[in-house]
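J.:
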Amino acid sequence: MHIDHWLQTVPPLLVYLTVAGVIGLESLGIPLPGEIVLVSAALLSSRHLGIDPMWVAICGSAGAIVGDSIGYAIGRKGGKRLFDWAGRKFPKHFGPEHIANAERIFARRGVWAVFFGRFVAVLRILCGPLAGSLHMRYPKFLAANALGGIVWAAGTTYAVYYLGVVAEQWLSRFSYVALGIAVVGGVVISLVVKKRMTHRREENELVETNADH
1 MHIDHWLQTV PPLLVYLTVA GVIGLESLGI PLPGEIVLVS AALLSSRHLG IDPMWVAICG
61 SAGAIVGDSI GYAIGRKGGK RLFDWAGRKF PKHFGPEHIA NAERIFARRG VWAVFFGRFV
121 AVLRILCGPL AGSLHMRYPK FLAANALGGI VWAAGTTYAV YYLGVVAEQW LSRFSYVALG
181 IAVVGGVVIS LVVKKRMTHR REENELVETN ADH
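The letter at position 39 of the sequence shown is residue 39 when you use full-length UniProt numbering, and the numbering goes up by one with no holes.
#1: What did DSSP end up calling residue 263 once you bin it into helix, strand or coil?
#2: Use the C-beta contact count for G52: other C-beta atoms within 10 angstroms, 16 or more gives buried, fewer gives exposed.
#3: Helix, strand or coil for S46 per DSSP?
#4: Should the segment 21-40 be regarded as contacting the segment 107-114, the criterion being three or more beta carbon pairs within less than 8 Å?
#5: Quick check on DSSP: helix, strand or coil for G110?
#6: Assuming G149 and I65 form a contact by the criterion Cβ under 8 Å, report the distance between their Cβ atoms to the nearest whole angstrom.
#7: To the nearest angstrom, report how far apart I105 and G67 are at their CA atoms.
#8: With a cut-off of 8 Å on the beta carbons, I'd call S69 and L13 a contact; round off their distance for me.
#9: For G60, I'd like the list of residues in its chain whose CB is within less than 6 Å of its CB, leaving aside the five on either flank, ordered along the chain.
#10: D52 by DSSP, collapsed to three states: which one?
#11: Nearest CA to the CA of Y158: which residue from I58, R124 and R137?
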């Protein structure tokens, strides 16, 4: 079966639920590729397959807000024990250096860390549980979380949607290439952001070490 025919069989409701579910679980604190799922769904909506970009954005926003709120509640109750357990299970995402770096960002930026954390792969996973464990006031957290989730989900969805529409005009015979480019692009962006965060963390540690001496 040609990929175009296969894509036409995907129920829009399944796409919406997948977007909300994966992003919600990622925001709760489970390392899943929420951004890649959102980008893929947005690109599918540009293919005129009955998938509405507005609903992709709404489901992405809802998943982010609800997932972060649940993560906040878990972090508020679990605290350090939660991160110790997560560090053993997912050392690449919840290692001591990741937690320490995220805590420094939260201590310096407060609610802005919640808002901008939605756009950074590692902070997107840590944001809710960490804000809860640090006992950030929930109204402030909810406002920053909701605004960040809506801007991130809607902005990403419509940016990819319009790029997909343009790409469709140039890649009409090889439309699957656009999907592949979007997915790979999402992975590359996440890796670059993670590398930059690691580099910045090492610089901060070096500055702190020099200050101690």
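The beta-carbon is built from N, C-alpha and C at its ideal position, and this holds for glycine as well.
Computed from a prediction, not measured in an experiment: that's the story for all the values here.
T.: Let's see:
#1: Nothing can be reported for residue 263, as the shown portion of the chain is limited to 1 through 213.
#2: Before going on, a small fix: residue 52 reads as Asp here, not Gly. By the neighbour-count rule (16 or more Cβ atoms within 10 Å), D52 is not buried but exposed.
#3: coil
#4: no
#5: coil
#6: 5 Å
#7: 21 Å
#8: That pair is no contact at about 24 Å.
#9: V19, I23, L38 and A153
#10: coil
#11: I58
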